[in-house]
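Engineer: Structure incoming, see below.
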Amino acid sequence: LFRTDRLFVTLDSIDRVEYLLPFGLEDSLMIGTDYSHSDPSANMAALNEVQRWADTGKISASVASKILEENPRAFYGF
380 LFRTDRLFVT LDSIDRVEYL LPFGLEDSLM IGTDYSHSDP SANMAALNEV QRWADTGKIS
440 ASVASKILEE NPRAFYGF
């Protein structure tokens, strides 16, 4: 469903991404921020958090690459 219909899910850095991966969602996940707002809800370190997930073994380096690079490119058509 996610691949066929091009559905993407944005994650927050507090989400438990490791529980989503067994459902085959690694090609549909992106990190959510809120860069355009200057309020406390904007998580400016969200990209670093995904890398930390990979560094600590929470997710693999290939999944981190998908979340940070490959999936956003697919979503935006780059």
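According to this note's numbering, the sequence shown is numbered sequentially starting from 380.
Just so you know, even glycine gets a beta-carbon here, dropped at the ideal spot from N, CA and C.
Please read these numbers as outputs of a predicted model, since none were measured by experiment.
1. Can the beta-carbon of N450 be found closer than 9 Å to that of F402?
2. Beta-carbon separation of L426 and I410 under 9 Å?
3. In chain order, what residues of the same chain have a beta carbon less than 8 Å from the beta carbon of Q430, not counting five sequence neighbours either side?
4. Give me whichever residues DSSP pairs with T389 in a beta bridge.
5. CB of R395 to nearest heavy atom of the ligand NAD: below 8 Å?
Structural biologist: Let me lay it out:
1. no
2. yes
3. A443, L447
4. M409
5. The model depicted lacks the ligand NAD and carries no ligand whatsoever.
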